[in-house]
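Using this note's numbering, you'd call the opening residue of the sequence shown number 1405 and step up by one each time.
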Amino acid sequence: MANEEITLTFREAMNELSAIVEALESNTLELEESLVKYERGVALLRYLKSSLADAQQKVEVLMGELDTNIDDTQTDTELSKA
């Protein structure tokens, strides 16, 4: 399970992780089942953190492109006024 690839959406992974946390906090699981769920939870957490990092990187790239486009537009506007 440790090397299992996760093919869930971000929301699905969050929901599954939430259910795992709830189950673990209920203190009703056997030790073996708790360990399996904990392992799955760690895998989901890694997936979610990676997804967030990817999204943050995309936003930063887009913001950089936006800033560049705005700077170019301002320069073009200033040149046309001159």
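Where a beta carbon is used, it is the ideal one built from N, C-alpha and C, also for glycine.
Exercise. The alpha helix (DSSP H) spanning LEU1428 covers which residue range?
Worked result: 1414-1429
Problem set entry | Whole-angstrom distance between GLU1436 and SER1454, CA atom to CA atom | 27 Å
For this session: Spell out a yes or no on whether the segment 1464-1472 and the segment 1429-1443 are touching, meaning 3 or more CB-CB pairs, one atom from each, closer than 8 Å.
Result: no
For this session: Have a look at ALA1423 and GLN1460 and give me their C-alpha separation to the nearest angstrom.
Result: 26 Å
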